[in-house]
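Numbering (our numbering), first residue to last: 23 to 175.
In what follows, a structure is listed as structure tokens, so that the remarks can point back to it.
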């Protein structure tokens with residue numbers, strides 16, 4: 023009788039252990055929250071454009087902001103398409119018999135060069151955004167952020 027309870031208890035503990043360890047690595051929304059510089063720039067441009075009256079933006083600044091956002095979006099789509107294309111080429115090369123390791127390594131290098139260039143382009147866009155606003159407008163924008171955060175709490 024005692025062994026029957028011991029076996030039942032052991033089975034229950036094993037089940038709990040398996041369920042908790044499998045749940046520990048499951049983070050469904052984590053990928054969506056990864057840091058993305060192009061999203062940061064796009065959101066900042068939107069915040070600036072939404073507050074253009076309070077920031078006293080000139081027509082030239084508004085046009086520059088809209089052009090920056092559009093060109094950044096277009097460049098991002100092109101870069102992602104190139105990266106996806108190279109990734110498909112890598113997968114195709116890996117399926118060949120015999121697999122050409124030199125060609126696969128060259129494609130991997132090409133893929134990460136494209137990703138590096140995309141990141142540099144995003145940083146360049148962020149710096150261009152910083153140069154569009156005047157110092158007074160930057161200070162006013164920071165004040166607006168602070169007020170928004172206080173209201174949000």
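All C-beta atoms in this analysis are idealised placements derived from N, C-alpha and C, irrespective of residue type, glycine included.
For residue i, the three-state DSSP class (helix, strand or coil)
i, result
"residue 121", "coil"
"residue 37", "helix"
"residue 80", "coil"
"residue 155", "coil"
"residue 72", "helix"
Backbone CA spacing between residue i and residue j [nearest angstrom]
i, j, result
"residue 115", "residue 129", "9 Å"
"residue 148", "residue 87", "11 Å"
"residue 158", "residue 89", "22 Å"
"residue 62", "residue 112", "30 Å"
"residue 65", "residue 133", "27 Å"
"residue 170", "residue 69", "11 Å"
"residue 123", "residue 99", "29 Å"
"residue 82", "residue 155", "11 Å"
"residue 174", "residue 146", "31 Å"
"residue 72", "residue 131", "41 Å"
"residue 28", "residue 37", "14 Å"
"residue 58", "residue 152", "17 Å"
"residue 168", "residue 79", "20 Å"
Same chain only: Cβ atoms within 7 Å of residue i, ignoring 5 sequence neighbours per side
i, result
"residue 74", "84"
"residue 136", "101, 104, 105 and 108"
"residue 97", "143"
"residue 138", "none"
Environment of residue i [buried if 16+ CB atoms lie within 10 Å]
i, result
"residue 16", "The first residue shown for the chain is 23 and the last is 175, placing residue 16 beyond what the model contains."
"residue 94", "buried"
"residue 140", "buried"
"residue 117", "exposed"
"residue 60", "buried"
Cβ-based neighbour list, residue i, same chain, cut-off 6 Å, excluding 5 preceding and 5 following
i, result
"residue 162", "77"
"residue 165", "none"
Same chain, Cβ closer than 8 Å to residue i, five either side skipped, listed in chain order
i, result
"residue 150", "90"
"residue 126", "112, 115 and 116"
Chain D within 8 Å of residue i, Cβ atoms only
i, result
"residue 60", "Absent from the structure is chain D; it holds one protein chain and no more."
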